[in-house]
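Residue numbers (the working numbering): 14 to 72. Idealized CB from N, CA, C, for every residue including glycine. Following: one structure in structure tokens, then a few remarks.
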Amino acid sequence: MVTADCLETCISKTGLCTAPADIKCYCSNPDFQAKMVNCIKSDCPDQYNNALGLQNSVC
């Protein structure tokens with residue numbers, strides 16, 4: 014499972030899609046997605062596969 018701390022930190026670091034429930038932005042913004050991937054791989058790499066699964070289930 015992806016921790017809330019990891020997601021919140023990475024969402025904040027992107028500077029994009031900052032509304033907590035902005036699923037439309039999360040799923041349709043390739044810049045946001047790329048920045049999230051880089052952040053998760055860097056800051057919480059052990060959660061990367063779970064984050065990818067979460068994205069696939071939400072989007």
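Burial state of ALA64 (16 or more Cβ within 10 Å): buried
Alpha-carbon to alpha-carbon, SER25 and ALA32: 10 Å
Spatial distance of SER70 from LEU20 (CA atoms): 15 Å
Assigned exposure category for CYS40 - 16 Cβ within 10 Å defines buried: exposed
C-beta contact flag for LEU29 and LYS48 at 8 Å: yes
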